[in-house]
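>
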Amino acid sequence: MRELLEFEQKLIDSIKRLLDGRLPKNLGAAVSGGADSVSLLCALARARDFWKDCGKDFPKIVCVTVDHSIRPEAESSGDAAFVQDLCKNLNVPCCVKKIERGLVESLAAERGKGLEDAARLLRYQKFEEFAKESGADFVCLAHNQNDALETLLMRFLQGSSGQAAAGIAARRGIYLRPLLETSRPQIEEYLQTINMDWRTDSTNSDNSYFRNKVRNLLAPFLDQNFDGWKKALLSGGEKAYFESEALDGFLDQALLQNQDCWQEHNAGVQNQNCSQDQE
43 MRELLEFEQK LIDSIKRLLD GRLPKNLGAA VSGGADSVSL LCALARARDF WKDCGKDFPK
103 IVCVTVDHSI RPEAESSGDA AFVQDLCKNL NVPCCVKKIE RGLVESLAAE RGKGLEDAAR
163 LLRYQKFEEF AKESGADFVC LAHNQNDALE TLLMRFLQGS SGQAAAGIAA RRGIYLRPLL
223 ETSRPQIEEY LQTINMDWRT DSTNSDNSYF RNKVRNLLAP FLDQNFDGWK KALLSGGEKA
283 YFESEALDGF LDQALLQNQD CWQEHNAGVQ NQNCSQDQE
């Protein structure tokens, strides 16, 4: 009997830590076909098989993939087909959610924001639908350490609040992000170890997107010129979060004395949390 690979064990440990030491009955995985989400699904499926061989119960894994209908049909449908084939090989039920073509663009225009923001909003709506339909208790998302760093850079550049500047939450609502302490090179190394391919999104090289500018231009510049920037940024984000939490605690106590102000403040916090959820 094979042992769990270090990557797989780390993933399961991370999920259990986020869920206070337990595993749910049904666990969803959002998979785009890219390296990050493919590693997530493969590690879950391999861990499931290992636990089964050991006579232990493991959550039922269910997969969702979302076609945003932004890229050419052949490419986006090819990604969905790749994920479906992967799920079939791993014996994982797969749900394909397709966003109507043109809807992302129209929502972006309506909101006065970019395609990234609109696509993210619609994607999370599909995740919510999937969770209800499949019975998934939680949905795992494949954001990794590099994503967390990019998000911190983006939010600092945008002048975000303290909580938002803390970056991506490892757990919020039904969403779990168990790969946040895993780097992109570690993910690709794992996939090479298990001899698994993945898809590459053609828009990843399009630097008209804000995140791609940060990923493809700013991050490499920092790598070349500022040793230790990643550790410093993660530490700064964590400090910003805890400082914001402390200030919110004091503010809550004061606002409790004035119900009208409390309701206005609470509505603002809910809007901010919604924005952070959809990262």
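Positions 43 to 321 (my numbering) are the ones given, in order, by the sequence shown. Backbone N, C-alpha and C fix where the C-beta goes; we use that ideal spot for every residue, glycine too. Values in this document were obtained by computation on a predicted structure and should not be read as measured data.
#1: Sorted by chain position, which residues of the same chain lie with C-beta nearer than 6 Å to ASN315's C-beta, five sequence neighbours on each side aside?
#2: Between PRO101 and the rest of its own chain, which residues show a CB-CB distance below 7 Å, the 5 nearest in sequence each way excluded?
#3: In terms of residues, what are the limits of the beta strand (DSSP E) holding ILE103?
#4: Thinking LEU191 and LEU260 are a contact (beta carbons under 8 Å), I'd like their distance in whole angstroms, please.
#5: Could you tell me how far apart the beta carbons of LEU82 and CYS182 are, in whole angstroms, since I believe they sit closer than 8 Å?
#6: When we look at the beta-carbon of THR107 and count the other beta-carbons within 10 Å, is it buried (16 or more) or exposed?
#7: Within the continuous beta strand (DSSP E) that includes PHE180, where are the two ends?
#8: Taking the alpha helix (DSSP H) that CYS84 belongs to, which residues open and close that run?
#9: Considering only the beta carbon of each residue, do PRO220 and ALA211 sit closer than 9 Å?
#10: For ASP248, count the other beta carbons within 10 Å of its own beta carbon; 16 or more makes it buried, fewer makes it exposed. Which is it?
#11: How would you call GLN200, buried or exposed, if buried means at least 16 neighbouring beta carbons within 10 angstroms?
#12: Should LYS58 be labelled buried (16 or more other beta-carbon atoms within 10 Å of its own) or exposed?
#13: ARG257 and THR188 - do their beta-carbons sit closer together than 9 Å?
#14: DSSP three-state label for GLY215, please.
#15: Hey, would you say ALA184 sits closer than 9 Å to GLY76, going by beta carbons?
#16: Just curious, the beta strand (DSSP E) that LEU222 is in, first and last residue?
#17: At a cut of 8 Å, does the region 82-101 reach the region 131-151 through at least three beta carbon pairs?
#18: Whole-angstrom Cβ separation of VAL138 and VAL73, contact assumed at under 8 Å?
#19: Helix, strand or coil for LEU65 per DSSP?
#20: Mapping the DSSP letters down to three states, classify LYS140 as helix, strand or coil.
#21: Taking the alpha-carbon positions, what's the ALA161 to GLN295 distance?
#22: Which of the three DSSP states, helix, strand or coil, is assigned to ASP319?
Concretely, from the data shown:
#1: Because the pLDDT at ASN315 is just 49, under 50, the model does not fix this residue reliably, and the point stays unresolved.
#2: LEU65, PRO66, LYS67, ASN68 and LEU69
#3: 102-109
#4: That pair is no contact at about 10 Å.
#5: 6 Å
#6: buried
#7: 180-182
#8: 77-95
#9: no
#10: exposed
#11: exposed
#12: exposed
#13: Residue identity differs from the one stated: residue 188 is Asn in this sequence, not Thr. Contact: yes.
#14: coil
#15: yes
#16: Counting along the chain, LEU222 falls outside any beta strand (DSSP E), and DSSP gives it neither H nor E.
#17: yes
#18: Not confirmed; about 10 Å, so no contact.
#19: coil
#20: strand
#21: 37 Å
#22: Unreliable positioning characterises ASP319 in this predicted model, as indicated by a pLDDT of 49, which lies under 50. A coordinate reading is not provided.
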